[in-house]
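Here the sequence shown stands for residues -22 to -1, 1 to 136, where the numbers follow mature numbering (1 follows the signal peptide of the UniProt record, and there is no 0). Positions of the beta carbon are idealized from the N, C-alpha and C atoms, including for glycine. Quick caveat, the model's predicted, so the values are computed rather than measured.
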Amino acid sequence: MSLAKLVFASFLTLMMATPAVAQQQMQGAAPGPEDAVNQLDELVGLDDAQRQEISSLLSETQTSLQTKEQEAQALQQQLQGHVRADYDENAIRQDADRLGQLTGEMTADSVLLQARIEAALNQEQRDELERQVQEQEEQMRQMQEQMQQQQQQQPPPQ
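The structure is reproduced here in C-alpha coordinates:
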(Lines of atoms letter the chains of each structure in order from A and count residues from 1; the text may use other names and numbers.)
(Lines give C-alpha, C1' and ligand atoms only; values in the text may rest on other atoms or scores of the structure.)
Protein backbone atom coordinates (compact mmCIF):
# COMPACT_ATOMS: atom_id res chain seq x y z
CA MET A 1 0.00 0.00 0.00
CA SER A 2 1.43 3.36 -0.97
CA LEU A 3 1.92 6.17 1.50
CA ALA A 4 -0.94 8.14 -0.07
CA LYS A 5 -3.37 5.26 0.34
CA LEU A 6 -2.11 4.61 3.83
CA VAL A 7 -2.74 8.25 4.75
CA PHE A 8 -6.30 8.10 3.46
CA ALA A 9 -7.01 4.74 5.07
CA SER A 10 -5.61 6.07 8.34
CA PHE A 11 -7.96 9.01 7.98
CA LEU A 12 -10.88 6.60 7.60
CA THR A 13 -9.82 4.68 10.66
CA LEU A 14 -9.38 7.81 12.74
CA MET A 15 -12.68 9.14 11.50
CA MET A 16 -14.31 6.00 12.85
CA ALA A 17 -12.44 5.80 16.15
CA THR A 18 -11.42 9.04 17.79
CA PRO A 19 -14.26 11.37 16.74
CA ALA A 20 -16.73 8.61 17.47
CA VAL A 21 -15.63 8.47 21.07
CA ALA A 22 -15.60 12.27 21.42
CA GLN A 23 -18.97 12.72 19.74
CA GLN A 24 -20.44 9.84 21.69
CA GLN A 25 -19.47 11.59 24.91
CA MET A 26 -20.77 14.98 23.74
CA GLN A 27 -23.93 13.94 21.88
CA GLY A 28 -24.72 10.55 23.34
CA ALA A 29 -24.39 8.78 19.96
CA ALA A 30 -21.53 7.66 17.76
CA PRO A 31 -21.47 8.57 14.05
CA GLY A 32 -22.15 5.68 11.72
CA PRO A 33 -19.75 4.29 9.17
CA GLU A 34 -21.96 5.71 6.43
CA ASP A 35 -20.16 9.07 6.61
CA ALA A 36 -16.84 7.45 5.75
CA VAL A 37 -18.43 5.25 3.09
CA ASN A 38 -20.11 8.28 1.52
CA GLN A 39 -16.84 10.18 1.46
CA LEU A 40 -15.00 7.25 -0.11
CA ASP A 41 -17.86 6.83 -2.60
CA GLU A 42 -17.50 10.48 -3.64
CA LEU A 43 -13.79 9.94 -4.23
CA VAL A 44 -13.80 6.64 -6.14
CA GLY A 45 -17.40 5.72 -7.00
CA LEU A 46 -18.31 2.58 -5.06
CA ASP A 47 -20.88 0.08 -6.26
CA ASP A 48 -23.60 -1.18 -3.89
CA ALA A 49 -21.71 -4.34 -2.93
CA GLN A 50 -18.58 -2.32 -2.10
CA ARG A 51 -20.61 0.20 -0.09
CA GLN A 52 -22.12 -2.62 1.96
CA GLU A 53 -18.82 -4.45 2.45
CA ILE A 54 -16.92 -1.33 3.49
CA SER A 55 -19.76 -0.19 5.74
CA SER A 56 -19.70 -3.57 7.47
CA LEU A 57 -15.91 -3.43 7.86
CA LEU A 58 -16.10 0.06 9.34
CA SER A 59 -18.92 -0.88 11.72
CA GLU A 60 -17.04 -3.89 13.05
CA THR A 61 -13.82 -1.96 13.44
CA GLN A 62 -15.54 1.02 15.03
CA THR A 63 -17.07 -1.19 17.71
CA SER A 64 -13.76 -2.92 18.39
CA LEU A 65 -11.77 0.32 18.50
CA GLN A 66 -14.26 2.08 20.76
CA THR A 67 -14.20 -0.76 23.27
CA LYS A 68 -10.41 -0.86 23.28
CA GLU A 69 -10.14 2.94 23.46
CA GLN A 70 -12.39 3.00 26.52
CA GLU A 71 -10.31 0.31 28.21
CA ALA A 72 -7.10 2.17 27.32
CA GLN A 73 -8.45 5.40 28.83
CA ALA A 74 -9.40 3.56 32.01
CA LEU A 75 -5.91 2.03 32.20
CA GLN A 76 -4.30 5.45 31.73
CA GLN A 77 -6.35 6.76 34.65
CA GLN A 78 -5.38 3.74 36.74
CA LEU A 79 -1.72 4.35 35.92
CA GLN A 80 -2.05 7.96 37.06
CA GLY A 81 -3.62 6.68 40.25
CA HIS A 82 -0.48 4.64 40.92
CA VAL A 83 1.63 7.80 41.22
CA ARG A 84 2.06 8.02 44.96
CA ALA A 85 4.70 7.39 47.60
CA ASP A 86 3.47 3.85 48.38
CA TYR A 87 3.38 2.74 44.73
CA ASP A 88 2.93 -0.88 43.65
CA GLU A 89 5.48 -1.58 40.92
CA ASN A 90 3.85 -4.86 39.94
CA ALA A 91 0.44 -3.20 39.45
CA ILE A 92 2.03 -0.39 37.44
CA ARG A 93 3.81 -2.86 35.18
CA GLN A 94 0.67 -4.98 34.71
CA ASP A 95 -1.42 -1.95 33.76
CA ALA A 96 1.31 -0.63 31.47
CA ASP A 97 1.67 -4.04 29.79
CA ARG A 98 -2.08 -4.23 29.17
CA LEU A 99 -2.08 -0.68 27.80
CA GLY A 100 0.72 -1.63 25.42
CA GLN A 101 -1.18 -4.73 24.38
CA LEU A 102 -4.31 -2.67 23.70
CA THR A 103 -2.32 -0.16 21.67
CA GLY A 104 -0.92 -3.01 19.58
CA GLU A 105 -4.39 -4.48 19.06
CA MET A 106 -5.76 -1.08 18.00
CA THR A 107 -2.89 -0.65 15.55
CA ALA A 108 -3.52 -4.13 14.13
CA ASP A 109 -7.26 -3.40 13.81
CA SER A 110 -6.45 -0.18 11.96
CA VAL A 111 -4.01 -1.82 9.55
CA LEU A 112 -6.39 -4.72 8.92
CA LEU A 113 -9.19 -2.26 8.16
CA GLN A 114 -6.95 -0.42 5.72
CA ALA A 115 -5.98 -3.67 3.98
CA ARG A 116 -9.58 -4.87 3.79
CA ILE A 117 -10.78 -1.57 2.34
CA GLU A 118 -7.93 -1.72 -0.18
CA ALA A 119 -8.99 -5.27 -1.12
CA ALA A 120 -12.61 -4.17 -1.60
CA LEU A 121 -11.61 -1.63 -4.26
CA ASN A 122 -10.78 -2.48 -7.86
CA GLN A 123 -7.51 -1.32 -9.43
CA GLU A 124 -9.09 1.71 -11.09
CA GLN A 125 -10.55 2.84 -7.76
CA ARG A 126 -7.23 2.31 -5.96
CA ASP A 127 -5.47 4.39 -8.62
CA GLU A 128 -8.08 7.16 -8.33
CA LEU A 129 -7.85 7.12 -4.54
CA GLU A 130 -4.09 7.42 -4.71
CA ARG A 131 -4.36 10.31 -7.19
CA GLN A 132 -6.87 12.16 -4.99
CA VAL A 133 -4.85 11.64 -1.83
CA GLN A 134 -1.66 12.83 -3.54
CA GLU A 135 -3.55 15.91 -4.70
CA GLN A 136 -4.69 16.58 -1.13
CA GLU A 137 -1.15 16.05 0.17
CA GLU A 138 0.15 18.56 -2.38
CA GLN A 139 -2.47 21.09 -1.29
CA MET A 140 -1.47 20.57 2.33
CA ARG A 141 2.20 20.99 1.46
CA GLN A 142 1.44 24.24 -0.37
CA MET A 143 -0.59 25.54 2.56
CA GLN A 144 2.26 24.72 4.95
CA GLU A 145 4.72 26.55 2.70
CA GLN A 146 2.43 29.59 2.58
CA MET A 147 2.11 29.60 6.36
CA GLN A 148 5.89 29.37 6.76
CA GLN A 149 6.37 32.25 4.32
CA GLN A 150 3.82 34.35 6.21
CA GLN A 151 5.56 33.62 9.50
CA GLN A 152 8.93 34.59 8.02
CA GLN A 153 7.51 37.87 6.73
CA GLN A 154 6.16 38.89 10.13
CA PRO A 155 8.51 41.02 12.23
CA PRO A 156 9.76 39.30 15.38
CA PRO A 157 8.01 40.29 18.63
CA GLN A 158 9.83 42.88 20.70
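| query | result |
| --- | --- |
| Ala98 classed as buried or exposed, judged by whether at least 16 other C-beta atoms fall within 10 angstroms | buried |
| Within 8 Å, strictly: CB atoms of Leu53 and Asp73 | yes |
| Sequence-distant residues of its chain with Cβ nearer than 7 Å to Met121 (five each side left out) | none |
| For Gly59, the first and last residue of its enclosing alpha helix (DSSP H) | 26 to 59 |
| Rounded straight-line distance, which links the Cα of Thr39 to that of Val89 | 11 Å |
| Within 8 Å, strictly: CB atoms of Leu21 and Glu108 | no |
| Cβ shell of Leu57 (< 8 Å), same chain only, five flanking positions each side left out | Ile70, Asp73, Ala74, Leu77 |
| Span separating the alpha-carbon of Glu47 from that of Gln55 | 12 Å |
| Any non-hydrogen atom of the ligand PLP within 7 Å of Gln101 CB | The ligand PLP is absent from the structure shown, which contains no ligand whatsoever. |
| Start and end residues, alpha helix (DSSP H) containing Asn100 | Per DSSP, Asn100 belongs to no alpha helix (DSSP H) and is neither H nor E. |
| 8 Å contact criterion, which Leu18 and Ile32 should meet: CB distance rounded | 7 Å |
| Where the alpha helix (DSSP H) through Ala14 begins and ends | 12 to 22 |
| Euclidean distance between Cα positions of Met125 and Gln110 | 23 Å |
| Where Arg62 sits in the DSSP three-state scheme | coil |
| Residues near Asp87 by beta carbon distance below 7 Å, same chain, minus five either side | Thr39, Ser42, Leu43 |
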